[in-house]
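K.L.:
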Amino acid sequence: MPHLHIKSFKELDFPSTEDGVCFNFVADNANNHDEKLISTSYEGEDFFLLVKQEDGRSLLKTDKLTRPASIYNVHKALLAYAKAAQLDILASNVPEGKKNIHLQEANALKKIEYFAKEFPSDKEIRIEVGFGSGRHLLHQAANNPDVLFIGIEIHRPSIEQVLKQIVIQKLDNVLLLDYDARLFMELIPSNLVGAIYVHFPVPWDKKPHRRVISTNFIKEARRVLKVGGTLELRTDSENYYAYSYETFIAFPKISLQINKNRDIAVSSKYEDRWKKMEKNIYDVIMTNDEVSPELKIEGDFSFEKAIELSNEELLSLHNKTIRFEGGFIHFERVYKLKNGVMLRISMGSFDRPEHLYLLIEDKNASYYPQLPLRSPINLAAHKELLKVIDG
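Using numbering that gives the first Met the number 0, the first residue of the sequence shown is number 0, and each one after it goes up by one.
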């Protein structure tokens with residue numbers, strides 16, 4: 000994670016701009032006075048820089064919840080703030096070089112809003128969840144130029160590595176997304192996708208609720224896959240294979256194909272290593288054989304009324320949880336603003352919640368830095384949130 004260790008933090012006069020980076024406002028953690036968030040905008044991305052006091056010095060880095068897709072934008076923002084505030088930097092792992100030429104030319108990395116606004120539907124779609132080094136994703140894209148591939152990954156170095164290869168190989172049929180694949184599935188139109196690849200997911204043996212393969216994920220896969228489309232799990236974990244098989248077979252009607260140590264056209268470096276170790280590789284391939292109803296989602300995330308709760312009442316929401324049928328809202332942290340309050344919340348379903356901020360200034364509320372994903376459970380959570388903050 001890029002960061003600067005600084006002798007002491009200095010606050011700017013907000014709003015302020017340095018080297019094209021805009022610093023909009025500061026939010027002070029109401030329950031931890033050693034933490035601040037700085038609203039930052041650069042090249043169309045809105046995010047927070049995080050300031051933490053520790054061991055007699057300050058740490059400046061990006062807020063994990065809102066970090067931008069481009070790591071270069073993180074570097075730019077950190078250095079711009081240090082320059083504007085004339086910070087005394089004690090240690091840094093932030094490079095000062097220019098943006099990699101291949102990353103400058105890359106436009107394959109998209110935000111979730113790109114897909115939420117109008118999902119691509121003019122050609123067959125195939126999705127890879129957790130593409131890692133990108134070997135499989137890039138191979139498939141190069142050999143299927145008429146198919147649009149969407150690669151989902153949350154590991155930033157892997158994303159940048161694949162972005163460079165997309166430019167070098169001149170591929171125009173690959174889009175990348177840094178997002179939770181379980182949430183992403185909920186906005187895909189029905190009967191559209193030709194294949195979903197889940198190759199070597201993290202087994203999460205100690206935290207099974209974080210696994211990609213689940214009953215809900217399979218339900219969404221069956222909905223978004225066209226007839227004949229496939230969901231392909233490939234894993235070296237015998238525990239994950241056994242768990243996944245039981246999860247698949249629990250459906251009343253399903254078509255499955257099981258393979259052991261099947262050779263495929265391209266393999267990752269880890270798979271090559273496991274084969275040398277004579278480790279077994281398991282495939283579970285589900286074929287969809289039913290047409291699903293059209294996806295219909297009604298409602299929005301508007302705040303039509305003025306917020307009647309006082310700042311003190313809003314601050315008192317810290318660490319409270321609201322439960323409703325199928326989901327919840329948890330007020331993780333509260334922050335003081337110049338003219339209001341900011342709430343950090345998790346909301347939605349229990350196994351795949353959304354995390355974001357809610358700004359309340361001068362009695363007006365808005366989500367930051369973006370709206371929640373427009374899914375039925377998030378819309379239900381929004382209605383419950385309105386009940387709380389409307390007093």
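Don't be surprised by glycine CBs; every beta carbon is placed ideally from N, CA and C.
If you follow the alpha helix (DSSP H) that residue 214 is in, where does it begin and where does it stop?
P.N.:
Residue 214 -> alpha helix (DSSP H) spans 214-223.
K.L.:
How would you call residue 26, buried or exposed, if buried means at least 16 neighbouring beta carbons within 10 angstroms?
P.N.:
Buried, since its Cβ has 16 or more Cβ neighbours within 10 Å.
K.L.:
Can you give the Cα-Cα distance for residue 137 and residue 334, rounded to whole angstroms?
P.N.:
For residue 137 and residue 334, the distance between alpha carbons rounds to 43 Å.
K.L.:
Would you call the stretch 205-213 and the stretch 183-196 in contact, with 3 or more CB pairs under 8 Å?
P.N.:
Output reads no: the stretch 183-196 does not touch the stretch 205-213.
K.L.:
Which one of 226, 207, 219 and 166 has the shortest CA to CA distance from residue 193?
P.N.:
Closest by alpha carbon: 226.
K.L.:
Report the residue from 376, 200 and 364 whose alpha carbon sits nearest the alpha carbon of residue 131.
P.N.:
Of 376, 200 and 364, the residue nearest in Cα terms is 200.
K.L.:
Measure the beta-carbon distance from residue 202 to residue 296 and round it to whole angstroms, keeping in mind my assumption that it falls under 8 Å.
P.N.:
With 8 Å as the limit, residue 202 and residue 296 do not qualify as a contact, their Cβ atoms being about 32 Å apart.
K.L.:
According to DSSP, which residues form a beta bridge with residue 234?
P.N.:
DSSP output for residue 234 lists 281 as bridge partner(s).
K.L.:
Using the Cα positions of residue 240 and residue 206, report the straight-line distance between them to the nearest angstrom.
P.N.:
Distance between the alpha carbons of residue 240 and residue 206: 16 Å.
K.L.:
Distance check for residue 232 and residue 152, CA to CA, integer angstroms please.
P.N.:
The alpha-carbon atoms of residue 152 and residue 232 are separated by roughly 16 Å.
K.L.:
Taking 8 Å as the cut-off, decide whether the C-beta atoms of residue 133 and residue 161 are in contact.
P.N.:
It is a contact, given that the beta carbons lie within the stated cut-off.
K.L.:
Between residue 122 and residue 311, what straight-line distance do the alpha-carbon atoms span, to the nearest angstrom?
P.N.:
Straight-line Cα distance between these residues: approximately 52 Å.
K.L.:
Of all the beta strand (DSSP E) runs that stay within the bounds of the stretch 91-151, which reach a length of 3 or more residues?
P.N.:
Entirely contained in the stretch 91-151, the beta strand (DSSP E) runs reaching 3 residues are, in chain order, 124-128 and 147-151.
K.L.:
How big is the Cα-Cα spacing for residue 41 and residue 254?
P.N.:
Cα to Cα, residue 41 sits roughly 48 Å from residue 254.
K.L.:
Tell me whether residue 60 is buried or exposed, calling it buried when 16 or more other Cβ atoms sit within 10 Å of its Cβ.
P.N.:
With 16 or more Cβ atoms within 10 Å of its Cβ, residue 60 is classed as buried.
K.L.:
What are the boundary residues of the beta strand (DSSP E) that residue 330 is part of?
P.N.:
Per DSSP, residue 330 belongs to the beta strand (DSSP E) from 326-336.
K.L.:
DSSP on residue 164, reduced to helix/strand/coil?
P.N.:
It is helical.
K.L.:
Helix, strand or coil for residue 259 per DSSP?
P.N.:
DSSP places residue 259 in strand when its eight states are reduced to three.
K.L.:
Along the alpha helix (DSSP H) that carries residue 271, what are the first and last residues, could you check?
P.N.:
Counting along the chain, the alpha helix (DSSP H) containing residue 271 begins and ends at 268-275.
K.L.:
Compute the beta-carbon to beta-carbon distance between residue 77 and residue 6, rounded to the nearest angstrom, for a pair I have assumed lies under 8 Å.
P.N.:
Actually they are not in contact, since the Cβ atoms of residue 77 and residue 6 sit about 15 Å apart, beyond 8 Å.
K.L.:
Taking only three categories from DSSP, how would you classify residue 289?
P.N.:
Of the three classes helix, strand and coil, the one that applies to residue 289 here is coil, per DSSP.
K.L.:
Would you say the stretch 309-329 touches the stretch 250-268, given that touching needs at least three Cβ pairs under 8 Å?
P.N.:
Verdict: no, contact absent.
K.L.:
Does DSSP put residue 8 in a helix, in a strand, or in coil?
P.N.:
Three-state result, residue 8: coil.
K.L.:
DSSP three-state label for residue 34, please.
P.N.:
Here residue 34 sits in strand by DSSP.
K.L.:
So, does the CB of residue 236 fall closer than 8 Å to a CB anywhere in chain C?
P.N.:
The structure shown contains no chain C; it is built from a single protein chain.
K.L.:
Could you give the DSSP three-state label for residue 172: helix, strand or coil?
P.N.:
The answer is coil: DSSP assigns residue 172 none of H, G, I, E or B.
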